Amino acid sequence: DPMVRKHGILPSHFVFASKFDSSVPPKFLKCKARCVVGGNHEPTPENPFENFSPTAGPTINRLVDAYCIYKGYSCWTTDCSQAFLNSPTNGKHIYVNPPYGCAPKGIVWKLEKYLYGLCGAPAAWMNTLATELESLGFVRFEDDPCLLRLDGKTEIIAEVFVDDVKWCTNNEDLLKTII
C-alpha cells in the first residue's frame, strides 16, 4: 500500500511487568503485558513542540499542596489506567508491525488511538483529558497548562502528571461525579 510506504511502519513489542502490593513481604497481585511501539523510530516532526506535553513538576506540586492545605481542601489522586489508549490519532497515519506472534507475517496495524511508546502519545492524552475537563467548565492556567480549575462556589483543582491526576476540592460529592 503506497500510504503505508509513505508514512513508514513502526516496530512494536510487549513489555511485561509483575505487580505487588505494599505489604512486607510484598504479595503478588498480577502480571501485566502492554503493547509498546518503538517511538524512537518515528520521523522527527517539523514543529519541535508538536509532541510537547505539560506535566506538573515538584514546585507546582508543592504549591498546589500548600494552597489546598491553606484552604482546607480535600486532596484525592487518580491514576488513569491505559490513558494513552483513550487518545485518538485524529487522522494521523500511524502504522505498526504487531508484536511477534500476534498476527501473520505481512499484517500491519493502522492505529486509530495512540499506544504507549509513541512520541505524540503524552501530548494527545493531555489534550484529550483537558478537552473533557474543559467541557465540564474547567479552565487551564495560562502559566502552567498542567493545572486546570473549576471555579465558583465549588472549587476543584486538577494537577496533571502524565496519567496521574491530583484533585483538590471543597466539594467531594461533586468531585466524585466528575471522577
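Oh and the sequence shown: position 166 is 245 in the numbering used here, straight run, nothing missing. Beta carbons: idealized from backbone N, C-alpha and C, even for Gly. The structure presented is a predicted model; accordingly, all values stated were derived computationally and were not measured.
Out of curiosity, what's the CA-to-CA distance linking residue i and residue j?
i, j, result
"isoleucine 258", "serine 132", "22 Å"
"asparagine 169", "leucine 190", "10 Å"
"proline 224", "proline 104", "40 Å"
"lysine 109", "glycine 231", "42 Å"
"leucine 197", "lysine 150", "39 Å"
"aspartate 252", "isoleucine 236", "14 Å"
"aspartate 100", "isoleucine 186", "38 Å"
"threonine 210", "methionine 82", "30 Å"
So what does DSSP say about residue i, is it helix, strand or coil?
i, result
"serine 101", "coil"
"tyrosine 174", "strand"
"leucine 61", "In the structure displayed, the chain extends from 80 to 258; residue 61 sits before or after that span and is not available."
"cysteine 181", "coil"
"phenylalanine 163", "helix"
"leucine 142", "helix"
"threonine 256", "helix"
"cysteine 198", "coil"
Apart from the five residues just before and just after residue i, which ones in its own chain have a Cβ nearer than 7 Å to its Cβ?
i, result
"lysine 245", "Val143, Cys154, Thr156 and Glu238"
"histidine 92", "Val115 and Pro178"
"lysine 106", "Phe99 and Asp100"
For residue i, which residues of its own chain have a beta-carbon under 6 Å away from its beta-carbon, when the five flanking residues on both sides are left out?
i, result
"alanine 135", "Cys225, Glu238 and Phe240"
"alanine 200", "Phe163 and Tyr193"
Based on DSSP bridge pairs, tell me the residues matched to residue i.
i, result
"threonine 233", "Answer by DSSP bridge pairing: none, since threonine 233 is not bridged."
"cysteine 154", "Cys247"
For residue i, I'd like the list of residues in its chain whose CB is within less than 8 Å of its CB, leaving aside the five on either flank, ordered along the chain.
i, result
"glutamate 213", "Arg219 and Leu227"
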